[in-house]
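In our numbering, the protein residues as written are 788 to 1189.
What follows is a short report on a single structure.
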């Protein structure tokens, strides 16, 4: 029988789940011992892979273990059909079945114990884990050598909620270049970055900004972006529903900066205007600084109170030759920055919020990038094959005899 149509307004989410989301296999083993599950996989594509991972449900319950997540346990590849027997321990278990996006295949499961096979959003809630999905499309044009923001979404978690987030990208050539991050809104807690497309499981509390961005050094030859952009889906596993609110990510300003001899080794300086209308949402600032040669660089966001200046020529000490009232003196900050970061070859300043303030209290903001120090250039030479080395030696020996 044909599947029921998705609810009105969720057609895009249903399509993303069908194309990108993994399947779920829930096994309720109440026998007290191990149970066998026969898993069959078929596909007309030669070498089509099916990856099976175990989702540790204990990670999301009371006393969860953050170190556990999805453990790979099986990989099947077939040109027509193949099967494997999985030995399942006692209790309720959940397996994640993943087929690369764009491939079609059929999966069947049978066992003497109750099993449920389908989309994770349908089979996981019975285990006390609720998937929350966010979907969309990447930039309509992928620009090599530039950081591009794919999504921004404000998410909130209750105290001590165990969370895992997976991002699925609908293009294998672009997927490794997409980075998912969870940025705390207070700027004091640690920012979580995805490894292998996954964040967590981790115990979280409060508000975060979920963001994804890409940096593609070079697009594959002949690669063409799909209409509207590359589709993506973020799946959040938690013990309950996650409060989420979409945030704009279409404002992007890019510049090559400059480099001239200067005392503070300043690369660029941008002035950022804060919100000026009462009730306006906070302005969110993210910045990425990358170098084309080995170097340590820094980013600093300065908050200059009314009356202060990033540098001043009006009030100068005639003896010391220094400005008396300034946020900086000879490139050295005289007040702590609102946010600062430093890194080798890349510095990332993520999700700094600038709120509205009345005019008499309104600050000015400046984003400053600096070169901290240069690093030595490392040259890696490719070792010649043994045949070429031998040939070179013979040629060197023949030269004197000619």
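Just so it is clear, CB atoms sit at the ideal spot from N, CA and C, and this is done for glycine as well.
Check, Outcome
"Residues near residue 927 in its chain [Cβ-Cβ closer than 6 Å; skip 5 each side]", "1016"
"Same chain, Cβ closer than 7 Å to residue 932, five either side skipped, listed in chain order", "1004"
"Residue(s) in a DSSP beta bridge with residue 937", "Bridge partners of residue 937: none, in fact."
"Test item: CB-CB of residue 882 and residue 812 under 7 Å", "yes"
"Distance, residue 1133 Cα to residue 971 Cα", "20 Å"
"C-beta atoms of residue 871 and residue 826 nearer than 7 Å", "yes"
"Where residue 900 falls: helix, strand or coil (DSSP)", "coil"
"Beta-carbon gap between residue 1087 and residue 1155 smaller than 7 Å", "yes"
"Contact between the segment 1123-1140 and the segment 1055-1064 (3+ Cβ pairs under 8 Å)", "no"
"Helix, strand or coil at residue 1068 according to DSSP, with G and I counted as helix", "coil"
"Alpha helix (DSSP H) segment containing residue 884, residue limits", "No alpha helix (DSSP H) contains residue 884, which is instead part of the beta strand (DSSP E) from 878-885."
"Coil, strand or helix - residue 875 by DSSP", "strand"
"Contact check, residue 988 vs residue 949, beta carbons under 7 Å", "yes"
"Beta strand (DSSP E) segment containing residue 837, residue limits", "835-842"
"Collapsed DSSP secondary structure at residue 964 in the structure displayed", "helix"
"Beta-carbon gap between residue 1027 and residue 910 smaller than 7 Å", "no"
"Residues near residue 1161 by beta carbon distance below 6 Å, same chain, minus five either side", "1082"
"Under 7 Å between C-beta atoms of residue 1018 and residue 801", "no"
"Proximal residues to residue 1053 (C-beta, below 6 Å), its chain only, five neighbours per side dropped", "1157"
"Element boundaries [alpha helix (DSSP H), containing residue 1190]", "Shown here, the chain extends from 788 to 1189; a query on residue 1190 therefore has no answer."
"Secondary structure of residue 1032, DSSP reduced to three states", "strand"
"Residue environment, residue 874, which counts as buried when at least 16 other CB atoms sit within 10 Å", "exposed"
"One or two residues paired with residue 1140 in a DSSP bridge", "1071"
"For residue 1122, the residue or residues it bridges with in DSSP", "Per DSSP, none; premise fails for residue 1122."
"Where the beta strand (DSSP E) containing residue 999 begins and where it ends", "985-1002"
"Closest by C-alpha distance to residue 1031, when choosing among 942, 969 and 1068", "942"
"DSSP three-state assignment for residue 831, whether helix, strand or coil", "coil"
"Distance between residue 958 and residue 806 (C-alpha atoms, nearest Å)", "11 Å"
"Supposed contact pair residue 1021 and residue 1072 - C-beta distance, whole angstroms, cut 8 Å", "Not a contact, Cβ separation roughly 22 Å."
"Inter-residue spacing [alpha-carbon to alpha-carbon] between residue 963 and residue 1068", "33 Å"
"Start and end residues, alpha helix (DSSP H) containing residue 910", "907-910"
"Outcome for residue 922 when other beta-carbon atoms lying within 10 angstroms are tallied against a minimum of 16", "buried"
"Through-space distance from residue 1014 to residue 1001, alpha-carbon basis", "18 Å"
"Cβ-Cβ distance between residue 967 and residue 999 below 7 Å", "yes"
"For residue 1058, three-class secondary structure by DSSP", "strand"
"Contact check, residue 824 vs residue 839, beta carbons under 7 Å", "no"
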